[in-house]
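Student:
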Amino acid sequence: MHLILFLIFGGVCVAGAVNLLLQHHPIDSALSLVVVMGALAAEYLLLGAEFVAAVQVIVYAGAIMVLFVFVIMLLNAGEEARSGGSRVAWIFGVPGMLIGSVLMAWVLLKHSGNSHVEVGALPGSPQAIGWLLFHDYLLPFEVTSILVLIAIMGAVVLAGHAQSPTRAIEKKEG
Amino acid sequence: MSVGLFILVSVIKIALVFFILLTAVAYTVWLERKVVGHMQNRWGPTRVGPFGLLQPAADGVKFLFKEDLTPPHVHKTLYIAAPMIAVVFALTSIAVIPFGNWVSISDTIYTPLQITDVNIGLLIILGLTSLGVYGIALSGWSSNNKYSLLGGLRASAQMISYEIALGLSLVGVLILSGSFSLREIVQAQSGHFWGIIPKWNIFYGGQFVAFFIYLMAAYAETNRIPFDLPEAETELVAGYHTEYSAMKFAMFFMAEYANMITVGCLATILFLGGWNGPIFGPYIVQVLLPVFYFVAKVFAFLFIYIWVRGTLPRFRYDQLMAFGWKFLLPLSIANLVVTALVVALKS
Chain A
112 MHLILFLIFG GVCVAGAVNL LLQHHPIDSA LSLVVVMGAL AAEYLLLGAE
162 FVAAVQVIVY AGAIMVLFVF VIMLLNAGEE ARSGGSRVAW IFGVPGMLIG
212 SVLMAWVLLK HSGNSHVEVG ALPGSPQAIG WLLFHDYLLP FEVTSILVLI
262 AIMGAVVLAG HAQSPTRAIE KKEG
Chain B
31 MSVGLFILVS VIKIALVFFI LLTAVAYTVW LERKVVGHMQ NRWGPTRVGP
81 FGLLQPAADG VKFLFKEDLT PPHVHKTLYI AAPMIAVVFA LTSIAVIPFG
131 NWVSISDTIY TPLQITDVNI GLLIILGLTS LGVYGIALSG WSSNNKYSLL
181 GGLRASAQMI SYEIALGLSL VGVLILSGSF SLREIVQAQS GHFWGIIPKW
231 NIFYGGQFVA FFIYLMAAYA ETNRIPFDLP EAETELVAGY HTEYSAMKFA
281 MFFMAEYANM ITVGCLATIL FLGGWNGPIF GPYIVQVLLP VFYFVAKVFA
331 FLFIYIWVRG TLPRFRYDQL MAFGWKFLLP LSIANLVVTA LVVALKS
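Set out below in structure tokens:
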């Protein structure tokens with residue numbers, strides 16, 4: 112049962128990712144990415160990491176991707192022109208990607224041996240995650256939050272640079 | 031309980047809850063028309079059935095038989111999918127709401143009065159409501175109408191802004207109960223202090239600040255007056271659902287009222303003690319009384335919703351954003367810090 116569900120959601124995930132690349136319109140691509148996020152959340156749920164799954168949906172699918180869609184709507188971005196891709200990408204990129212993924216799968220299979228983790232055996236409960244974040248990895252966690260704070264301050268400084276909205280528009284046009 | 035029996039009981043529960051939810055959605059609309067009517071010195075619906083009680087059925091038939099227009103130059107797929115997204119996520123979140131205690135029909139058949147009890151119930155509801163934004167945002171964009179687009183943009187900006195205050199206002203309750211499971215949160219609120227006052231979070235945990243933050247953020251999340259800027263009739267025609275007709279429009283309508291009911295259920299569970307209340311009498315009464323308390327609390331919450339609609343004017347957009355970011359957010363953070371400090375000092 113778990114294997115069937117894993118394959119279904121894995122298939123949805125890959126199909127969404129491929130669709131993301133094939134779509135012409137930015138909003139269709141963004142929605143494909145939402146599907147990928149949702150399928151990933153389902154995979155986490157299958158692994159017993161229900162907290163991570165919920166956070167994946169709330170943060171990535173529910174907040175970050177909504178902002179993506181919001182920006183696309185705001186800019187009213189139209190369909191993109193197709194260039195057919197560069198020749199370098201076709202000659203080196205695609206085979207390189209295939210070789211890379213095969214290598215990675217081989218290494219993972221080789222080194223994990225035959226030991227596999229039972230479903231739900233990993234600590235995925237909110238308590239376990241909270242203990243890891245606020246006890247074992249407290250310093251990295253707090254340092255990351257300061258890093259995010261610096262990024263926010265940078266965004267505020269950049270966005271607040273223009274004195275008034277009308278002047279910003281004049282600058283853009285002039 | 032065997033697997034077959036479990037599936038049978040689950041299917042019956044799902045069908046029953048779904049039926050009750052849809053009926054409740056229809057009659058919340060009726061209640062709103064009636065109450066707002068009386069507040070404005072009108073009668074509200076009176077013609078169809080006694081007290082206009084069959085009005086929702088008449089409306090349903092009307093929606094089904096109306097011509098389903100699709101305007102030219104819309105993004106066809108998203109235009110059709112948007113109302114479905116909105117209504118599906120609004121209706122699904124009822125799945126983790128607990129209505130009452132465990133019930134045993136016989137020695138082998140026993141079940142909680144809830145479709146499913148998961149240990150991240152609250153997060154599931156938050157996740158589903160945050161996905162519901164797509165329905166509104168995409169309907170606004172795909173309609174190829176500037177009023178729809180403005181409505182969709184306003185709705186998504188507003189919902190993202192108030193989701194933060196909403197989420198933070200719930201953390202205080204989570205600290206007090208120590209669980210994401212809605213059933214455990216309710217069980218943590220059973221009992222009394224000082225003999226008479228129930229141990230609900232709104233009284234006992236000092237979470238009344240959180241309750242008011244939740245109340246205001248929830249009004250904004252469901253796009254209701256005084257936060258109904260996404261569908262402000264005076265400036266945007268009808269906002270994101272301007273171009274929708276017939277059943278597609280009804281789906282947005284159902285989504286809005288289903289969201290109101292979910293928000294009411296969540297407020298009841300988190301702050302008003304869920305199904306807790308005085309219980310007495312024979313077994314069947316003991317089973318039904320908690321459900322009655324739960325429904326009564328949700329009804330009171332819905333009535334306040336309608337009351338506010340009949341009372342307050344709409345915010346201006348800059349007021350809405352300033353209120354969310356500069357008042358509700360700092361207040362909810364302060365509430366969180368104080369609650370955490372008190373709990374830490376007590377333990």
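Top to bottom, those sequences are chains A and B. Taken in order, the first sequence gives residues 112 to 285; the numbers are from my numbering. Taken in order, the second sequence gives residues 31 to 377; the numbers are from my numbering. Heads up, the beta-carbon is just placed ideally off N, CA and C, and yes, glycines get one too. This structure is a prediction, so every number in the text was calculated from the model and none was measured.
(1) Using a beta-carbon distance below 8 Å, is glycine 269/B in contact with chain A?
(2) Measure the C-alpha to C-alpha separation of threonine 159/B and serine 123/B and round it to an integer number of angstroms.
(3) Using DSSP's beta-bridge definition, name the partner residues of proline 142/B.
(4) Thinking proline 260/B and arginine 344/B are a contact (beta carbons under 8 Å), I'd like their distance in whole angstroms, please.
(5) Can you tell me which of the three DSSP states isoleucine 309/B falls into?
(6) Does the Cβ of glutamate 253/A have 16 or more other Cβ atoms within 10 Å, making it buried, or fewer, making it exposed?
(7) Please check if any C-beta of chain A sits within less than 8 Å of the C-beta of threonine 369/B.
(8) Valine 163/B versus chain A: which residues are under 8 Å apart at the beta carbon?
(9) Using a Cβ-Cβ distance under 8 Å, would alanine 141/A count as near chain B?
(10) Between the region 205-219 of chain B and chain A, which residues of the former have CB atoms less than 7 Å from a CB of the latter, in chain order?
(11) Does the distance from the CB of serine 173/B to the CB of threonine 272/B come in under 8 Å?
(12) Which first and last residues belong to the alpha helix (DSSP H) in which proline 86/B is found?
(13) Please report whether the beta-carbon of alanine 262/A lies at a distance below 8 Å from any beta-carbon of chain B.
(14) Look up proline 113/B in the DSSP assignment and give the residues it is bridged to.
(15) Please state the DSSP three-state secondary structure of histidine 113/A.
(16) Indicate the three-state DSSP secondary structure (helix, strand or coil) for isoleucine 202/A in the structure shown.
(17) Three or more C-beta pairs closer than 8 Å, one from the region 184-195 of chain B and one from the region 151-169 of chain B: is that the case here?
(18) Using the beta-carbon count (16 or more within 10 Å), is leucine 371/B buried or exposed?
(19) Counting only C-beta atoms, is isoleucine 190/B closer than 8 Å to chain A at any point?
(20) I need the boundaries of the alpha helix (DSSP H) containing tryptophan 230/B, first residue and last residue.
(21) Does the region 198-217 of chain B come into contact with the region 182-192 of chain A, if we say contact requires no fewer than three beta-carbon pairs (one atom in each stretch) closer than 8 Å?
(22) Among residues of its own chain, excluding the 5 on either side of tyrosine 171/A, which ones have a beta-carbon nearer than 7 Å to its beta-carbon?
(23) List, in order along the chain, the chain A residues whose C-beta lies closer than 9 Å to that of serine 186/B?
(24) Roughly how many angstroms separate the alpha carbons of proline 256/B and arginine 339/B, rounded to a whole number?
(25) Is the shortest distance between the beta-carbon of isoleucine 255/B and the beta-carbons of chain A less than 8 Å?
(26) Spell out whether any CB of chain A is found under 8 Å from the CB atom of glycine 82/B.
(27) Can you check which of these residues, Ile190/B, Ala262/B, Ile334/B, Val33/B, is closest to leucine 359/B by C-alpha distance?
(28) Taking the alpha-carbon positions, what's the glycine 285/A to lysine 106/B distance?
(29) Are there 16 or more other CB atoms within 10 angstroms of the CB of tyrosine 113/B, so buried, or fewer, so exposed?
(30) Based on the DSSP secondary-structure assignment, which residues constitute the bridge partners of phenylalanine 223/B?
(31) Taking C-beta pairs closer than 9 Å, name the residues in chain A that alanine 288/B reaches, listed in chain order.
(32) Is the CB-CB distance between alanine 125/B and threonine 146/B below 8 Å?
(33) Just to make sure I have the definition right: I need the residues of chain B whose C-beta is within less than 8 Å of the C-beta of alanine 165/A. Which are they?
(34) Counting only Cβ pairs nearer than 7 Å, list the residues of chain A close to leucine 179/B.
(35) With burial defined as no fewer than 16 other Cβ atoms inside 10 Å of the residue's Cβ, what is the status of tyrosine 248/A: buried or exposed?
Tutor: In short:
(1) no
(2) 8 Å
(3) Trp132/B
(4) With 8 Å as the limit, proline 260/B and arginine 344/B do not qualify as a contact, their Cβ atoms being about 11 Å apart.
(5) coil
(6) exposed
(7) no
(8) Gly173, Val177
(9) no
(10) Phe210
(11) yes
(12) 85-95
(13) no
(14) Note: proline 113/B sits in no beta bridge, so no partner.
(15) helix
(16) helix
(17) yes
(18) exposed
(19) yes
(20) Segment: none, tryptophan 230/B is in no alpha helix (DSSP H) and carries neither H nor E.
(21) no
(22) Met148
(23) Val177, Leu178, Val180, Phe181, Met184
(24) 7 Å
(25) no
(26) no
(27) Ile190/B
(28) Below a pLDDT of 50, predicted positions are generally treated as unreliable, and glycine 285/A, at 48, falls in that range; the measurement from the model is reported next regardless. When rounded, the distance between both Cα atoms is 38 Å.
(29) Reading off the sequence, residue 113/B comes out as proline, not tyrosine. Buried.
(30) Ile227/B
(31) Chain A residues near alanine 288/B: none, gap ~18 Å exceeds 9 Å.
(32) yes
(33) Ile150, Leu153, Ile154, Leu156, Gly157
(34) Met184
(35) exposed
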